[in-house]
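Only one structure is covered here, and it is reproduced in the block below.
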Amino acid sequence: MRWLLAGLLFALAVGLAIGTAAIRADNARYRFAVEQLYRDVHDRWVELGRLKLERLESSSPERLAAEHWAHLEAQNARRLEALQ
Amino acid sequence: MKQGELRRVRFAFGALGAVPVFLVGWLGWVQVAQAGELDREGRAPLQLVPETADRQSQRAESVPGPRGTIVDRNGSMLAIDREVYEVRASVVVPKKYRKDVNVFTGWLARLAEDLAKTLVADPDLPDRDELRRRHAQRLAGQFARAFRTDALPAAGALPEKHPVTADLLVANGIDVLSVVQALRGFTVRHAYDTVTLHFLRSLERAYPDREFTFGLVGHVDTRWESAGDAAKSLVTQGVCGLESFVVLDPSDTQRRSFLKDGTGRSYFQAPFEDVRVPNVLQCTLDIELQRIAVRELAAQATAAGKDSTATIPKWGAMVLVELATGDVLAAASWHRGDLLPQATAFTPYQSLCEPGSIVKPLVFAYALEAGVLDWSHVYDCHPGGANYRETIAQLGRAKPVRDDHECGELTPHGIIVNSSNIGASYVGLGLSRDQWRDYMSYYGFGTSLQLNLPHECVGGPNKHSFDPNTSTRGFRANSAISFSFGYELQVTAMHLARAYLRLFSGKGAELRLCRGVEIGGRWYDAPAAAGNGPRFRRDTVENVTEAMIDVVSNDPHATGSHVHARMLKELGINLHRVIAGKTGTAASLVGIPGRGSVSVRNASFVGLLPAESPRWLAVCVLQKDDSALFYGGSYAAPPVVRLLLRCQELEGRRQLRQEAQGGTGGQARATSGSPGDTGWSPAASEKQR
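Chains as they are written, first to last, in my numbering: chain A, 1 to 84; chain B, 1 to 689.
Next up, the structure:
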């Protein structure tokens, strides 16, 4: 009986060691995934900053007016074509 | 249990028990018996202790602290930090490519070409082939320097001890997602096992509407520089304009820890520590008015050269100020030629000139206040008249005082309208030397604008004018007369604007460029200096303003009659009693390096709107470096008038918009390019005030 208990305790110790190692490995795997995710998010944040500025610059009154003017000219050209 | 079974069980458990004993023994052997040092060439020995192992797996990435955001008075963004990547590569040439020189250089050429292709992964990029070619050329050059390929023989084995590893910059300012992703997968896709790309986070300064804000918002050139040893520090060079303000000085870099294993894989450990909310500086500029000012000034300056008899001015400056607060709403600078805006003076506060007759209302207001001028007195302004001979000619002044057109008898009102130099001289001679010194002090000529902008030109009166060695008679004969019509005095356009601001708001009035700052989410108002200190009596200001109203009229002798007629023709607006103003024209000699003494002409104009109770004032100065005719009323007045009219129109439109929307103040949220950055939240700021 004494030996049986010792064996069970040893098996428990080994099980705990394996479990701990597995959890730690899983933890490391998740840390790796989180790091990848963190970098992906930051990559998109950088892209967002660039797009925001692009949008800001393209929406200044002058550029909007220029775009509007180009649109009107194109519309005018289409009408002229249709008339001909 | 039988004896044999017991032996077997004991053996099995004994064997199992030996495992931990072995592990403990091994641990003791490695960590205790074998613990020691590892010698390294040129460096301290590596301690073989657990801390070393931890240190090797612990990594940190750093990001420079953000400078902060600059917004205009309505919340439009003028400068912001933008996150980008600096991509560096650690390159180790694989062993199999180190045997032969051609194989070695071929591998490097292929790597440069593959990296170049990856850098143009953005499908929206125009002219990708040309860009790829340039990147490949640049990277090939970097590889050649890092691996010293020029020192290699044409063929044969690679010399021993030839560098086979290098750390070099692939590209900086990378901010396009497709390029970032392509670079992230570069080593796997192209099977470069011995190449590691490092993505260093850095910040770039972005300036929306850059072409309109070079001078006041300024610029900054920040780069990493070696500090002697392996350490690098962020060094900022060439700061000017608002960028030089301490509130925009970046603080410490931010750090984030992570773990790295032996194969280079990264593991998350923590986000950035102490993410700093970028400071926000709200300036007084109105970007819409700034655009108008820049365009009007440039249009006028270039139009001056379209007349076949005229030449293009050398430089121009225009400033728009709100009188109630002293806020600089717009400040435009213009230079002849295709010059880099960063490399030229910002004329509104860095280019000096003699102002000419534009200062007459200032002189008259001061004289009126000092009690040496009777507004109803009639002066004989005939150039050869008895009064002239007795008062001016007898002083022995070297240069006679002349008027542009012959003026007869004039009151002070008429002197301002006709811009009579003779009449102004009579008034100037009524002021004592101390009073002239006080005049300079009252209007702030020769003193800093207090805007805390670097490289400001202060100007001021001629250094001999108030020299104790200059006799009173000499002062009266020269300086007192010259000061009265704007000579022997150097000013900038902003100094003139401040002088007129003080005419209306008192001696303590200062121009203001910063409305407030938000530091750590808390809003701090910048004090408005307008309205402090002694000020002129109301009737003094009214008399002078009334004269300035008549300057811009259809009176043929009024110096603003040209702009009056022009605006009536062009815009259909009768400017009389709409805009008040004063013209200025000065002919001076200035020393220009390489050209000696050059004759220049300054045309200036100050305008006030609404004329009777002014709310805005604008000053324009244009300088020509030749002696061709150049008048303030013809050249400097039109852009001022157009700017003031647009300012009023814009104000009316904004009021209508606010009424329609219920009035949010038109403040836009300024967002920044950093996670955790709250940007500028006016609503939150309002609560904290």
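Glycine is no exception: its CB is placed at the ideal position from the N, C-alpha and C atoms.
Residues of its chain near residue i, where Cβ-Cβ distance is below 7 Å and the 5 sequence neighbours each way are ignored
i      : result
B/R657 : none
B/H405 : H557
B/A166 : V91, A146, F147
B/L119 : H135, A171, V179
B/H455 : C240, Q350
B/H562 : G633, S634
Where residue i falls: helix, strand or coil (DSSP)
i      : result
B/R265 : coil
B/F147 : coil
B/V176 : coil
B/S257 : strand
B/T284 : coil
B/P341 : helix
B/A450 : Correcting the residue identity first, residue 450 of chain B is Gln in this sequence and not Ala. B/Q450 falls in the coil class under three-state DSSP.
B/T585 : strand
B/S216 : Correcting the residue type first, residue 216 of chain B is Leu in the shown sequence and not Ser. Of the three classes helix, strand and coil, the one that applies to B/L216 here is helix, per DSSP.
B/W107 : helix
B/F13  : helix
B/T196 : strand
B/V319 : strand
B/E518 : strand
B/C647 : helix
B/V372 : coil
B/Y97  : helix
B/N554 : coil
B/D434 : helix
B/N543 : helix
A/A13  : helix
B/S465 : coil
B/F445 : coil
B/H455 : coil
B/P20  : helix
B/A245 : A quick correction: the sequence has Phe, not Ala, at residue 245 of chain B. In the structure shown, B/F245 sits in coil (DSSP, three-state: anything other than H, G, I, E or B).
B/I292 : helix
A/Q84  : coil
Close beta carbons around residue i, own chain, < 8 Å, minus the five adjacent residues each side
i      : result
B/L726 : There is simply no residue 726 of chain B to check, as chain B begins at 1 and stops at 689 in what is shown.
B/G591 : S597, V598
B/T105 : T149, L152
Same chain only: Cβ atoms within 6 Å of residue i, ignoring 5 sequence neighbours per side
i      : result
B/W315 : H335, T347, S351, Q623
B/N421 : V401, D403, F485
B/Q181 : none
B/Y439 : Y366
B/D327 : T284, R512
B/V640 : F605, G607, A618, C620
B/L575 : V552, H564, M567
B/P208 : M77
B/R646 : I292
Cβ-Cβ separation, residue j to residue i (assumed contact under 8 Å), whole Å
i      : j      : result
B/F186 : A/E35  : With a Cβ gap of about 18 Å, B/F186 and A/E35 do not count as contacting.
B/P45  : B/E51  : Contact flag wrong, Cβ pair sits at about 14 Å.
B/L285 : B/L248 : Not really, about 15 Å apart at Cβ, beyond 8 Å.
B/V319 : B/A493 : 5 Å
heavy atom of the ligand SAH below 8 Å from residue i C-beta
i     : result
B/K95 : Of ligands this structure carries none, so the ligand SAH is not represented either.
| Any 3 or more C-beta pairs closer than 8 Å across the region 469-489 of chain B and the region 411-430 of chain B | Taking one beta carbon from each stretch, the region 469-489 of chain B and the region 411-430 of chain B have 3 or more pairs nearer than 8 Å; the two touch.
| In the region 292-307 of chain B, which residues sit with their C-beta less than 8 Å from some C-beta in chain A, listed in chain order? | The region 292-307 of chain B vs chain A, Cβ under 8 Å: nothing.
| query | Would you call the region 618-632 of chain B and the region 567-576 of chain B touching, i.e. three or more CB-CB distances under 8 Å? | reply | Not touching, per the Cβ criterion.
| Taking Cβ-Cβ distances below 8 Å as the criterion, which residues of the region 1-17 of chain A are in contact with chain B? | Near chain B, meaning a CB-to-CB distance below 8 Å, the residues of the region 1-17 of chain A are W3, A6, G7, F10.
| said: Along the region 24-57 of chain A, where does the CB come closer than 7 Å to a CB of chain B? Name the residues. | reply: For the region 24-57 of chain A, the residues whose beta carbon sits under 7 Å from a beta carbon of chain B are, in order, A28, R31, F32, V34, E35, Y38, D43, R44, W45, V46, E47, G49, R50, K52, L53, L56, E57.
| message | Under 8 Å: do the region 406-422 of chain B and the region 452-461 of chain B share three or more Cβ pairs, one atom per stretch? | response | In short, these stretches do not touch, since the Cβ pair count stays below three.
| query | Does the region 96-108 of chain B touch the region 270-279 of chain B, meaning 3 or more C-beta pairs lie closer than 8 Å? | reply | Between the region 270-279 of chain B and the region 96-108 of chain B there are fewer than three C-beta pairs closer than 8 Å, too few to call the two in contact.
| field | Cβ-based contacts, 9 Å cut-off: residues of the region 260-275 of chain B near chain A | value | Here the close residues are D261, R265, S266, Y267, F268, Q269, P271.
| request: Below 9 Å between beta carbons is the criterion; list the residues of the region 161-186 of chain B that meet it against any residue of chain A, in chain order. | output: Taking 9 Å as the Cβ-Cβ cut-off, the region 161-186 of chain B approaches chain A at I174, D175, V176, L177, S178, V180, Q181, R184, given in chain order.
| query | Can at least three beta-carbon pairs, one atom from the region 367-375 of chain B and one from the region 386-393 of chain B, be found at a separation below 8 Å? | reply | By the criterion of at least three beta-carbon pairs nearer than 8 Å, the region 367-375 of chain B is not in contact with the region 386-393 of chain B.
| the region 197-211 of chain B in contact with the region 58-72 of chain B per 3-pair CB rule at 8 Å | With the cut-off at 8 Å, the region 197-211 of chain B and the region 58-72 of chain B touch.
| said: For the pair the region 490-509 of chain B and the region 249-261 of chain B, tell me if three or more CB-CB distances fall below 8 Å. | reply: Cβ pair count under 8 Å is below three, so no.
| When Cβ atoms are compared, which residues of the region 69-92 of chain B fall closer than 8 Å to chain A? | Going along the region 69-92 of chain B in chain order, one finds M77, I80, R82, E83, V84, Y85 with a Cβ nearer than 8 Å to chain A.
| Touch test, the region 535-543 of chain B against the region 599-606 of chain B, Cβ-Cβ under 8 Å, three pairs minimum | Judged by Cβ distances under 8 Å, the region 535-543 of chain B makes no contact with the region 599-606 of chain B, as fewer than three pairs qualify.
| Stretch-stretch touch, CB-based, cutoff 8 Å, three pairs: the region 110-120 of chain B with the region 128-141 of chain B | Contact holds: three or more Cβ-Cβ distances are below 8 Å.
| Does the region 541-559 of chain B come close enough to the region 514-527 of chain B to have 3 or more Cβ pairs within less than 8 Å? | The region 541-559 of chain B makes no contact with the region 514-527 of chain B, as fewer than three CB pairs between them are under 8 Å.
| task | Mind checking the region 54-83 of chain A against chain B and listing, in chain order, the residues whose C-beta falls within less than 9 Å of any C-beta there? | result | Within the region 54-83 of chain A, the residues whose Cβ lies closer than 9 Å to some Cβ of chain B are L56, E57, S60, P61, E62, listed in chain order.
| query | Quick one, which residues of the region 7-24 of chain B are near chain A if we go by CB-CB under 7 Å, in chain order? | reply | Contacts with chain A (Cβ-Cβ distance below 7 Å) from the region 7-24 of chain B involve V9, F13, L16, listed in chain order.
| What are the residues of the region 193-209 of chain B that lie near chain A, defined by any Cβ-Cβ distance shorter than 8 Å? | For the region 193-209 of chain B, the residues whose beta carbon sits under 8 Å from a beta carbon of chain A are, in order, F199, R201, A206, P208, D209.
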